[in-house]
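J.: Top line first, the protein sequences correspond to chains P and R. In this text, residue positions in the first sequence follow my numbering: the first is 130, and each later residue adds one. In this text, residue positions in the second sequence follow my numbering: the first is 98, and each later residue adds one. Note that the Cβ used here is the ideal one computed from N, Cα and C, for glycine as well. Take this structure first; my questions come after.
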Amino acid sequence: MDDEEAWSYLPLPQTQFHVLVALSQGESHGYAIMSSVEQSSGGVVRMGPATLYGTLQRLTDAGLIEESDQRPSVDDDQRRRYYRLTGLGRRVCRAEADRLADLVSITRTNLRPGLI
Amino acid sequence: MAAPSIYRALTLLYPRTFRARYREDLIRHHADLVDNFGCAAAWRRTGLDLIITVPTYRLESMMSARSATIVLNLVVVAFAASSIAIMLVGFPLGGVLLGVASIIAITQRTTIARSLRQPRRGPRGPRLAASAVCAAIAAGVFLVAFNDDEWGETGTLIYSIVFLAAAVASVGLLAAALATRRRPPTGAMIAG
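Shown next as structure tokens:
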């Protein structure tokens with residue numbers, strides 16, 4: 130089943146999940162992914178170049194992302210490599226988001242004001 | 098500018114396969130950081146990144162996930178096969194090895210499951226591996242049981258059945274594997 134396959138990848142390392150979330154917005158190249166991750170995490174998650182490309186390599190080898198031949202514009206630097214989510218990557222990203230959402234819900238329930 | 102040249106030289110510290118795939122991306126990324134954040138801030142980020150990732154990636158290249166998984170699978174199979182062979186010889190304590198193999202397989206079941214569930218590579222590989230395992234069991238039984246005249250009629254019958262079953266399974270799986278078309282790797286495997 131698709132969900133079982135996606136859940137077999139969980140829990141995702143934080144950096145991998147952030148990259149998948151960045152790519153969920155659309156195709157992107159490495160530097161843009163880094164900027165997106167930094168922005169969405171409020172500056173908390175900062176990836177160096179090798180950390181980023183090591184993560185991209187792992188995600189590509191796992192089949193969660195793939196390189197794209199398309200470019201957003203003709204003027205874009207042709208040497209840049211663009212990445213996009215695969216179908217499996219989308220399912221894994223959604224599964225991890227669901228898992229974290231459940232965790233957040235449990236935490237908010239347990240730590241709601243008045244109980245402490 | 099000297100900074101990109103220095104970083105370009107430092108990327109040589111990374112493993113060859115990682116370098117071949119991402120070196121130009123790393124250098125362009127560092128140059129973009131210098132342009133956007135200035136030299137000092139760019140080096141603070143990439144310097145720490147180098148310190149952490151160079152030894153990590155070097156270690157990973159020596160013991161890749163795939164080779165570690167292969168070793169893990171071989172250890173489990175070797176323990177299980179040894180246990181069976183030892184118990185067949187008449188030492189029940191061989192079951193201890195079977196217990197160890199089971200504990201390893203259970204605690205590493207996710208890793209083993211992922212390595213066995215390689216849909217991109219097709220059934221040919223697993224069938225060859227299974228044939229090899231059955232051949233090893235047959236060979237082990239033959240060497241231990243048939244070279245020792247102390248077994249009674251019942252023991253000889255049991256070992257003959259095990260030997261024949263393992264031998265037939267090995268030949269059958271080998272034939273099935275050879276008849277299976279080799280599936281080419283998918284695009285994800287040959288990316289970059």
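(1) Below 6 Å CB to CB, which residues in the same chain sit around threonine 144 of chain P once its five sequence neighbours on both sides are set aside?
(2) Hey, does leucine 225 of chain R have any beta-carbon neighbour from chain P nearer than 8 Å?
(3) Thinking C-alpha only, which one of P:Thr236, P:Glu133, P:Glu134, P:Val150 is nearest tyrosine 212 of chain P?
(4) Can you tell me whether arginine 213 of chain P is helix, strand or coil according to DSSP?
(5) Hey, could you find the ends of the beta strand (DSSP E) serine 257 of chain R is sitting in?
(6) Mind checking arginine 142 of chain R: buried by the 16 CB within 10 Å criterion, or exposed?
(7) Who pairs with histidine 127 of chain R in a beta bridge, going by DSSP?
(8) Return the chain-ordered list of same chain residues with a C-beta closer than 6 Å to the C-beta of valine 173 of chain R, the five sequence neighbours on each side being excluded.
(9) Can you tell me which residues form a DSSP beta bridge with serine 158 of chain P?
(10) Which one or two residues does DSSP pair with glutamate 157 of chain R in a beta bridge?
(11) Are the C-beta of glutamate 250 of chain R and some C-beta of chain A separated by less than 8 Å?
(12) What does arginine 219 of chain P touch in chain R if you count any residue whose Cβ is under 7 Å from its own?
(13) Using only the alpha-carbon positions, how far apart do valine 268 of chain R and leucine 195 of chain R sit?
(14) Does the region 213-230 of chain P come close enough to the region 149-157 of chain R to have 3 or more Cβ pairs within less than 8 Å?
(15) Give the residues of chain P in contact with arginine 118 of chain R, contact being defined as C-beta atoms less than 9 Å apart.
T.: The short version:
(1) Correct list, in chain order: Thr184.
(2) Contacts with chain P at 8 Å (Cβ-Cβ) do not include leucine 225 of chain R.
(3) Considering only alpha carbons, the answer is P:Val150.
(4) Per DSSP, reduced to three states, the secondary structure at arginine 213 of chain P is strand.
(5) First-last for serine 257 of chain R: 250-276, but that is the alpha helix (DSSP H), not the beta strand (DSSP E).
(6) With 16 or more other Cβ atoms inside 10 Å of its own Cβ, arginine 142 of chain R counts as buried.
(7) None, per the DSSP bridge assignment.
(8) Exclusion of the five residues before and after valine 173 of chain R leaves Ala198, Ile201, Ala202 as the residues of its chain whose Cβ lies within less than 6 Å of its Cβ.
(9) The amino acid at residue 158 of chain P is misidentified as serine; the sequence shows histidine. Histidine 158 of chain P is bridged by DSSP to P:Tyr211.
(10) Answer by DSSP bridge pairing: none, since glutamate 157 of chain R is not bridged.
(11) Of the chains in the structure shown, none is chain A; the protein chains are P and R.
(12) Under the 7 Å cutoff, chain R gives no residues; its nearest Cβ is about 15 Å from arginine 219 of chain P.
(13) Approximately 25 Å between the Cα atoms of the pair.
(14) With a cut-off of 8 Å, the region 149-157 of chain R and the region 213-230 of chain P do not count as touching, because too few Cβ pairs lie within range.
(15) Neighbours of arginine 118 of chain R on chain P, chain order: Tyr182, Gln186.
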